[in-house]
Amino acid sequence: MLRVLSYNIRSLRDDRAALARVVRACAPDLVCVQEAPRFVLSRWQLRRLAAATGLRHVCGGRATHGPVVLAHPAVEVLARREVALPRTRGLHARGLALATVRVGGQELAVGSLHLGLRPDERLRNVAGIEAALDGVPRESLLLAGDLNEPPGGPAWHALAALGLRDAYAVAPRGPEPTFSSANPRRRIDAVLVGGAFTVHGCGVAAELPGVRGGDLARATDHLPVLAELHIVPR
Numbered sequence: 003m004l005r006v007l008s009y010n011i012r013s014l015r016d017d018r019a020a021l022a023r024v025v026r027a028c029a030p031d032l033v034c035v036q037e038a039p040r041f042v043l044s045r046w047q048l049r050r051l052a053a054a055t056g057l058r059h060v061c062g063g064r065a066t067h068g069p070v071v072l073a074h075p076a077v078e079v080l081a082r083r084e085v086a087l088p089r090t091r092g093l094h095a096r097g098l099a100l101a102t103v104r105v106g107g108q109e110l111a112v113g114s115l116h117l118g119l120r121p122d123e124r125l126r127n128v129a130g131i132e133a134a135l136d137g138v139p140r141e142s143l144l145l146a147g148d149l150n151e152p153p154g155g156p157a158w159h160a161l162a163a164l165g166l167r168d169a170y171a172v173a174p175r176g177p178e179p180t181f182s183s184a185n186p187r188r189r190i191d192a193v194l195v196g197g198a199f200t201v202h203g204c205g206v207a208a209e210l211p212g213v214r215g216g217d218l219a220r221a222t223d224h225l226p227v228l229a230e231l232h233i234v235p236r
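Residue numbers (our numbering): 3 to 236.
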């Protein structure tokens, strides 16, 4: 079973110990992080976060303007890319952290993304992501992150057109809203998977042993989305 976590960590501005406890309790193989530290001492902060959660930093951070991929030490990393997406003038820069990994003998591509605040910007972000994915097999592709819009929005449809399915819609497990952690009302974070994945469950990781409500509220302003997946051999 492959466990993938998507988590917006708000530049580690909140309770880092609570954040580390939440991630450890989720026991992920892969973590797609958004809003990782990007400026002074960012690489050092990412290394500390990885060490505190029993993971390793694979790619992303400053070069991708926030998105990061972390992995369990048992995950074999085959390739990594840090993509800066075309920037919309006057708006925050966006990027894609993309890695090719092997887990349990199966190869997949995993990407962490954080779409923009405006609808038109989000569609341009997805177009840039599609261009960056040229040559990446869509069947074994997994993208996860903060989409900044609820399901049914234009960016969701654009990502679905890439051959990706919303893991929560396939097999919902746990609460649905991901934002905000203090008053969750909207689902704007997602794990999206290609056709090679069987989804066993996906949702906010609020009901796992070791995940405490107080930690979720203190760790960051988003809630973590955990997906349990199986890669179907092709």
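Yeah, the Cβ is synthetic: ideal placement off N, Cα and C, and Gly gets one too.
Secondary structure within the stretch 117-149: the beta strand (DSSP E) runs of 3 or more consecutive residues, fully enclosed, are 143-148 (chain order). An exposed status is given to H94, since fewer than 16 other beta-carbon atoms sit within 10 Å of its beta-carbon. Here the stretch 78-96 makes no contact with the stretch 44-53; the two share fewer than three CB pairs at distances below 8 Å. DSSP places T55 within a helical segment (H, G or I) once states are collapsed to three. About 17 Å separates the CB atoms of L100 and L149; that is not less than 8 Å, and the two are not in contact. Take E151, set aside five residues on each side of it, and the residues of its chain with a beta-carbon closer than 8 Å to its own are L117, P121, R124, A157, W158, I190, in chain order. Ranked by Cα distance from A229, the options V213, T222, A207 are led by A207. In chain order, G97 place their CB closer than 6 Å to the CB of A86, counting only its own chain and leaving out the 5 sequence neighbours on each side. Uninterrupted alpha helix (DSSP H) stretches at least 4 residues long and entirely within the stretch 31-104 occur at 44-55, given in chain order. Per the coordinates, the alpha-carbon of R5 lies some 23 Å from the alpha-carbon of E84.
Three or more Cβ pairs drawn from the stretch 201-220 and the stretch 22-31 lie within less than 8 Å of each other, which places the two stretches in contact.
Sequence-distant partners of P174 (beyond 5 residues in either direction) whose C-beta falls short of 6 Å from its own C-beta, in its chain, are G205.
Cβ contact annotation for P39 (same chain, cutoff 6 Å, sequence separation greater than five): S13, L14, Q47, in chain order.
In this chain, the alpha helix (DSSP H) harbouring R23 covers 18-28.
For V193, the uninterrupted beta strand (DSSP E) segment begins and ends at 191-195. For the stretch 199-233, the full-length beta strand (DSSP E) segments reaching 3 residues or more read 199-206, 227-233 along the chain.
The alpha carbon of P177 has as its nearest neighbour, out of A192, L110, R167, the alpha carbon of A192.
With fewer than 16 other Cβ atoms from the protein chains shown falling within 10 Å of its own Cβ, D136 counts as exposed. Residue range 156-162 is occupied by the alpha helix (DSSP H) that includes L161. Burial of V213 is indicated by the presence of at least 16 other C-beta atoms within 10 angstroms of its C-beta.
DSSP places R15 outside both helix and strand once states are collapsed to three, so it counts as coil. Rounded to the nearest angstrom, the Cβ distance from L72 to H59 is 6 Å, consistent with a contact under 8 Å. Following the DSSP letters along the chain, one finds A169 inside the alpha helix (DSSP H) bounded by residues 169-172. In this structure, S114 places its C-beta atom within 8 Å of the C-beta atom of V70.
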